[in-house]
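Every letter in the sequence shown is one number past the one before it in full-length UniProt numbering, and letter 50, counting from 1, is 50.
Ideal Cβ positions, reconstructed from N, Cα and C, are used throughout, including at glycine.
Here the structure is laid out as structure tokens; the discussion comes afterwards.
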Amino acid sequence: MAKQKSKNPSQRPQKREAARRATVGDWIEGARLRTLPLAIVPIILGTAAAVAAVPGEFHWLRALGALAVALALQIGVNYSNDYSDGIRGTDDFRVGPPRLTGSGRVNPKVVRNVAFAFFGIAGLAGLALTIVTQQWWLIAVGVVAILAAWFYTGGKRPYGYAGLGEVFVFIFFGLVATAGTTFVQILTVPMNSWVLAVAAGLFSCAVLMVNNIRDRETDTLAGKKTLAVKLGLSGSRITFGLFALLPFIATILFGLFYPNAFFAFFALLLIGPAVVITATSKTAKDLILALKLTSIGALVWAILMGLGMWLSLYT
């Protein structure tokens, strides 16, 4: 007989600490800071592409505006996921840290409203960039990005529950964020920006994949059919390895034109162990370290790639 979910909140693992009110630390944990490098990576790469295409054309205020959009959108997605997964009971048996909604520490509507607030911040920052660049079509891009962020796990038919989460992060935290950062600075998107955008998107997919491999069993119980659930353990491990390692092809390509970009290979010191841990993990908790290494490794890769391109231009 299939295991029935308890209707008594006190019997659910995530509900054990319901009596304790949420602290500032809980809200910071709810923002999932370890995912924020994924918002920073495309801004670094998009700016590097802009400077490489038009040397000396660095608009730091526009870059900061793009960073504000990306960070606010990422945090908004995280709180939105906390709310949506929490009210559905998806987080009741999660392996990672307790969530605000799932633990019962915060009224779900409060978490939802905080998510909306960050979406609003992203929208305002995007509007400022639109006004500065006079590219009014960017408003439509921003609206689509915010709607996609909400319906990832929100709404009646969240596409994140149908294995399409990787599509979302690849498009919006890869292609759109990177190419968009380049565009608002030089009003065009050269090919090097698109290549870097693909790399950023793959790293985002890698982080989401290892996260979903960790939660694969609990997501299955909750009816959340992520790509990791659909592919199975072996398939998802292989897919994670591809997501995490394919960006290094870009390192080779860019190294041919920007020799100092080869320094980005040092990121393998973080990404390599993450791939090994994921491939050999025995328990879901083993993957928490792999998640952190992948996120930090992606940021290190972007920083070294960006600096390498810049140094190659001026040395």
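Our two residues, Ile238 and Gln134, have alpha carbons roughly 44 Å apart in a direct line. Across the structure, Gly142 and Gly123 are spaced so that their CA atoms are roughly 7 Å apart.
Collapsing the DSSP output to three states places Asn107 in coil. In this structure the region 244-256 lies against the region 267-275, because at least three pairs of beta carbons, one per stretch, are closer than 8 Å. One Cα belongs to Ser103, the other to Glu57, and the distance between them is close to 48 Å. Counting only runs that start and end inside the region 220-292, the alpha helix (DSSP H) elements of at least 4 residues fall at 227-245, 247-257, 268-280. Counting the other Cβ atoms within 10 Å of the Cβ of Asp286 gives fewer than 16, which makes it exposed. A direct Cα-Cα distance of roughly 37 Å separates Gly155 from Ile186. Assigned with DSSP and collapsed to three states, Thr188 falls in coil, not helix or strand.
By the criterion of at least three beta-carbon pairs nearer than 8 Å, the region 252-259 is not in contact with the region 167-186. The beta carbon of Ile87 is closer than 8 Å to those of Thr101, Pro108 in its chain, skipping five residues each way along the sequence. Residue environment for Thr226: buried (at least 16 other C-beta atoms within 10 angstroms of its C-beta). Distance from the CA of Val110 to the CA of Val54, rounded to the nearest whole angstrom, comes to 45 Å. Residue Val184 holds the alpha-carbon nearest to the alpha-carbon of Ala128 among Val184, Arg21, Val114. Note that the C-beta distance between Ala302 and Val41 is below 8 Å. A distance of 8 Å or more separates the beta carbons of Gly163 and Leu208. Taking C-alpha positions only, Ile249 is separated from Glu29 by approximately 34 Å.
Comparing alpha-carbon positions, the option among Met191, Ser281, Val132, Phe151 lying closest to Phe116 turns out to be Phe151.
Distance between Tyr159 and Asn212, taken at the CA atoms: about 14 Å. Non-local beta-carbon contacts of Ala145 in its own chain, meaning distances under 6 Å to residues more than five positions away in sequence, involve Phe172 in chain order. Non-local beta-carbon contacts of Asn260 in its own chain, meaning distances under 6 Å to residues more than five positions away in sequence, involve Gly308, Leu311, Ser312 in chain order.
Trp310 sits in a helix when the DSSP states are folded into three classes.
Of the candidates Ala222, Met305, Ala206, the residue whose Cα lies closest to the Cα of Thr278 is Ala206. The criterion of a C-beta distance shorter than 8 Å is not satisfied by Phe170 and Ala149. Tyr161: not part of any alpha helix (DSSP H); DSSP gives it neither H nor E.
Between the alpha carbons of Arg112 and Ala31 lies a distance of about 13 Å.
Straight across, the Cα-Cα distance linking Ile288 with Val132 is about 41 Å. For the options Trp194, Ala264, Gly89, the alpha carbon positioned closest to that of Thr218 is the one of Gly89. Put simply, the backbone Cα of Thr47 is about 9 Å away from that of Ser193. The C-beta distance from Val198 to Gly174 rounds to 7 Å, short enough to fall under 8 Å. Residue state for Leu127 is assigned as helix, using DSSP reduced to three classes. Counted as a single uninterrupted DSSP element, the alpha helix (DSSP H) harbouring Gln74 occupies residues 60-88.
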